[in-house]
Amino acid sequence: MAEKIEVENVASPGRVVRVDKAKYEAMKGALLAVLPPAAPGLTVAEAKQKLLPLLPQDLFPGGAKAGWWLKAAQLDLEAKGRIEREATKPLRLHRKQ
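Quick note on numbering: our numbering labels position 45 of the sequence shown as 45, and the sequence is numbered without any gaps.
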């Protein structure tokens with residue numbers, strides 16, 4: 001059985017969900033690697049395009065389920081204050097200083 005990790009959701013403060021640790025850590029690392037440290041940041045689609053080549057193929061074959069894991073990592077990292085969203089449409093993200 002896969003090891004689990006608890007993640008938060010900025011939209012649901014206080015609520016945690018247990019997810020696969022290896023997939024979460026791989027996505028978190030890739031997302032933080034591609035996001036710039038300041039505005040204007042990247043759209044979620046731009047971030048996904050840049051991080052897909054960084055993901056291990058054994059966890060994300062052909063990028064499978066990467067969109068779901070990207071959103072999970074994004075919301076958790078926002079809740080923990082590691083990344084920030086900008087008030088733009090489409091939504092743009094960057095690492096928090």
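Yeah, the Cβ is synthetic: ideal placement off N, Cα and C, and Gly gets one too. Remember, it's a predicted structure, so these values are computed and weren't measured experimentally.
- DSSP places V44 inside the alpha helix (DSSP H), whose first and last residues are 44-51.
- When rounded, the separation of the alpha-carbon atoms in L54 and L35 is 13 angstroms.
- By the beta-carbon neighbour count (other beta carbons within 10 angstroms, threshold 16), A64 is exposed.
- Out of E84, R85, K48, the CA that lies nearest to the CA of W68 is found in K48.
- Of the other Cβ atoms in all chains shown, 16 or more fall within 10 Å of the Cβ of M27; this residue is therefore buried.
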